[in-house]
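Written out below as structure tokens is the structure these notes cover.
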Amino acid sequence: MGTMTQKGPNVGKKQGGMVTMPFIFANEICEKLAVVGFSTNMISYLTTQLHLPLTKAANTLTNFGGTAAMTPLLGAIVSDAFAGRFWTITIASIIYQIGMISLTTSAVLPNLRPPPCKNNQVCKEADSGQLAVLYVSLLLTALGSGGIRPCVVSFGADQFDENDPRQKTATWKFFNWYYFCMGAAILVANTVIVYIQDNVGWGWGLGVPTIAMALSIIAFIFGYPLYRKMDPLAAHLRG
Numbered sequence: 002m003g004t005m006t007q008k009g010p011n012v013g014k015k016q017g018g019m020v021t022m023p024f025i026f027a028n029e030i031c032e033k034l035a036v037v038g039f040s041t042n043m044i045s046y047l048t049t050q051l052h053l054p055l056t057k058a059a060n061t062l063t064n065f066g067g068t069a070a071m072t073p074l075l076g077a078i079v080s081d082a083f084a085g086r087f088w089t090i091t092i093a094s095i096i097y098q099i100g101m102i103s104l105t106t107s108a109v110l111p112n113l114r115p116p117p118c119k120n121n122q123v124c125k126e127a128d129s130g131q132l133a134v135l136y137v138s139l140l141l142t143a144l145g146s147g148g149i150r151p152c153v154v155s156f157g158a159d160q161f162d163e164n165d166p167r168q169k170t171a172t173w174k175f176f177n178w179y180y181f182c183m184g185a186a187i188l189v190a191n192t193v194i195v196y197i198q199d200n201v202g203w204g205w206g207l208g209v210p211t212i213a214m215a216l217s218i219i220a221f222i223f224g225y226p227l228y229r230k231m232d233p234l235a236a237h238l239r240g
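Just so it is clear: in the sequence shown, position 87 is 88 by the working numbering, and no numbers are missing.
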């Protein structure tokens, strides 16, 4: 998917390079903290909070995972052919954020989830309206992840000119630090966020990843003036 070229107005300007990395790394850390913290313990949320049978909960997450696995193809096409990587990541992140806000709200408001189980009583399963909120939330996050996953690494690599020997070396540094930040964020999400969900509550357990996602969007947009941005294929066809 390397058909895009640098936008005309940016040519000759000192954009890109290592100066953009704090914004991209901050985005990656917060985004992975949000995405992994959101999804890792979801089976527990569905069974203990929405009182879904294990088979139904597993089927729901399987469908969600399958949808999330297909949407990156759509995201890559939109990015390379029409919107460009920056705007694809930004818009997809906002869509993901809306999905997270929706699910977090349903975890906080009592009328959007079934009542807690009482001793020696059969737990009431989430009704159709409550499940609709869940499904819409999961669909939005699947669509959002489809725009983020195929673009972030490529967008980071776009910040370096491989025709410049010094920047070519910096590209390898970028990949090293990128995967380090990603691994560190996943570790925190799988430990700290899961602990909050299991021991503090699902309001905070989903709220913290939602806040992290908002911070990732802010960090990414703040770097806009410094980024090297490439024209999508459609811009060249129009020109």
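Even glycine gets a Cβ: it sits at the ideal position worked out from N, Cα and C.
Rounded to whole angstroms, the Cβ separation of Gly208 and Thr105 is 5 Å, and the two are in contact under 8 Å.
When DSSP states are grouped into helix, strand and coil, Asp128 belongs to the coil group. Shown here, Asp162 sits in coil according to DSSP, grouped into three states, outside any helix or strand. Rounded to the nearest whole angstrom, the CA to CA distance from Leu110 to Ala158 is 42 Å. Inter-segment contact for the stretch 84–93 and the stretch 150–168 is present: three or more beta-carbon pairs are separated by less than 8 Å.
Cβ neighbours of Pro73 within its own chain (closer than 6 Å, five residues either side excluded): Gly147, Arg150, Pro151. Check the Cα spacing between Ala77 and each of Gln50, Ala58, Val134, Leu144: the tightest is with Leu144. For Ala185, same chain residues with a beta-carbon under 8 Å away, outside a window of 5 residues either side, are Ile30 in chain order.
In this chain, the alpha helix (DSSP H) harbouring Lys57 covers 55–79. Secondary structure note for Phe39: its alpha helix (DSSP H) is the uninterrupted segment 22–40.
Here Ser94 is buried, its C-beta having at least 16 other C-beta atoms within 10 Å. Per the coordinates, the alpha-carbon of Ala215 lies some 10 Å from the alpha-carbon of Ile102. Linking Phe223 to Leu47 through their CA atoms gives a straight-line distance of about 36 Å. Contact between Ala127 and Pro115 holds, since their C-beta atoms are separated by about 5 Å, short of 8 Å.
Per DSSP, Ile194 lies in no alpha helix (DSSP H) segment and is marked neither H nor E. Taking a C-beta distance under 8 Å as the contact criterion, Gly18 and Ala220 do not qualify as a contact pair. Between the alpha carbons of Leu53 and Trp178 lies a distance of about 40 Å. One thing to note: Tyr97 has its Cβ no nearer than 8 Å to the Cβ of Thr41.
Fully enclosed alpha helix (DSSP H) runs of no fewer than 4 residues occupy 203–223 of the stretch 200–238, in order along the chain. Only buried fits Cys182, as 16 or more other CB atoms lie within 10 angstroms of its CB.
For Arg150, the secondary structure class from DSSP, reduced to helix, strand or coil, is coil. Boundaries of the alpha helix (DSSP H) around Arg86: 86–109.
Closest by C-alpha distance to Ile187, out of Ala213, Ala108, Cys118, Pro166, is Ala213.
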